[in-house]
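Chemist: In terms of this note's numbering, the sequence shown opens at residue 69 and continues consecutively. Cβ coordinates follow ideal geometry from the N, Cα and C atoms, glycine included.
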Amino acid sequence: MHWKVCLSDLDYGKREQDAVEAVLKSNWLTMGATVARFEQRFATLLGVRHAIFVNSGTAALHLANRALEIGPDDEVIVPSLTFVATANASLYCGAMPVFADITSEDDLNISPVDIRRRITDRTKAITVVHFGGYMANMDAICRIANEHNLAIIEDAAHAPAASLHGKMAGTVGDVGCFSFFSNKNLPTGEGGAVVTNDDSIAEKARSMRSHGMTSLTY
Ligand SMILES: Cc1ncc(COP(=O)(O)O)c(C=O)c1O
C-alpha cells in the first residue's frame, strides 16, 4: 500500500528480527513465555503490580471498563480530543461517554474544570488520555474522583514510561491502558496492556482476556 504520509516509520533491526525468529522457532505464536516475560518487564518498568497483555489498546480499554463494572445507566467522562476507542470502550459496556473539553491549545489534555461541569448522578468514571505522551493533570483529576467517588481509567496509549512528579502514566488511577499498535511509542504491530495495582481488577481482566482461562502454563 502506498501512503503519501507514512502512518509510522519503524526502526527495527537484527535484535527484533532475532526475537521474532525465536518465537517462530518455539512453535508457540499466541500468549506464551515471551508475552509473560514482556508483562513482567513492563510491570517492573512502571512499578505496578499487574500488567495484563491483550491484542490491542481498544481491548485494554474495553476490559478496564468491564473490570470496573461500568454498564447501562452509567456515564463515563472522556476527553473530546482522543482516538475514538477511548469513548467506544464505554459504549461497548452499554454506558454513555460524556465528552469534556480539553484544557487549551497549549494543553491538549482533558480539563479538570470541564470534568466538574459534566458530573451527574450517573457518572461512574473518568477516562483520562495522556495525549501525545504529555500527562494530564492527575492531581486535580484524582481530587475530583475522590470527592465524587469516581473510578479513573488512564488511556496511556501514547504514554508508555511517561511520568510527571515521579508518577508513571497508567499507574495513578484505578487502571491504565496501553496500545502497542504500529504507530505507537512501543510498537509490537498489534497489542495492548491493562495495568493496575488492584488485585481484583487484575483478576477480572486476566479472566476476561482469554475466555476465563487464567492458569496457562508455558
Ligand atoms: C488515545 C488512544 N487510545 C486508544 C487507542 C487504541 O489502540 P489500538 O489501536 O491498539 O486499539 C489509540 C490508538 O490509536 C489511541 O490513540
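Within 10 angstroms of its Cβ, does E89 collect 16 or more other Cβ (buried), or is it exposed?
Modeler: Here E89 is exposed, its C-beta having fewer than 16 other C-beta atoms within 10 Å.
Chemist: Please state if the CB of P147 and the CB of I170 are separated by a distance shorter than 8 Å.
Modeler: Taking 8 Å as the Cβ cut-off, I170 and P147 qualify as a contacting pair.
Chemist: In angstroms, rounded to a whole number, what distance separates the CA positions of D174 and P180?
Modeler: 15 Å
Chemist: Where E258 and S247 are concerned, what is the direct C-alpha to C-alpha distance, given to the nearest angstrom?
Modeler: 8 Å
Chemist: Which of the three DSSP states, helix, strand or coil, is assigned to E107?
Modeler: helix
Chemist: Residues in the same chain with beta-carbon distance under 8 Å from N177, minus the five sequence neighbours each way, listed in chain order, please.
Modeler: Contacts found: P147, I170, T171, V196, V197, H198, F199, Y202, M203, A204 and N205.
Chemist: What are the boundary residues of the alpha helix (DSSP H) that G125 is part of?
Modeler: For G125, the enclosing alpha helix (DSSP H) has its first and last residue at G125 to A135.
Chemist: What is the DSSP secondary structure of C245, counted as helix, strand or coil?
Modeler: strand
Chemist: In whole angstroms, what is the alpha-carbon distance linking K82 and N95?
Modeler: 20 Å
Chemist: Is DSSP giving Y286 helix, strand or coil here?
Modeler: Because Y286 carries a pLDDT of 49, less than 50, the predicted location of this residue cannot be relied on, and no value is offered for it.
Chemist: Taking only runs of the beta strand (DSSP E) that begin and end inside the stretch 191-279, which ones reach a length of at least 3 residues, in chain order?
Modeler: As far as the stretch 191-279 is concerned, its whole beta strand (DSSP E) runs of at least 3 residues are 191-197, 219-223, 243-247 and 260-264.
Chemist: With a threshold of 8 Å on Cβ separation, who are the neighbours of V152 within its own chain once the five nearest residues in sequence on each side are excluded?
Modeler: none
Chemist: Go ahead and pull the three-state DSSP assignment for A168.
Modeler: strand
Chemist: Kindly indicate which three-state DSSP category V152 falls into: helix, strand or coil?
Modeler: It is coil, neither helix nor strand.
Chemist: By DSSP's criteria, H70 is part of a beta bridge. Which residues make up the other side?
Modeler: For H70, which the question treats as bridged, DSSP gives no partner whatsoever.
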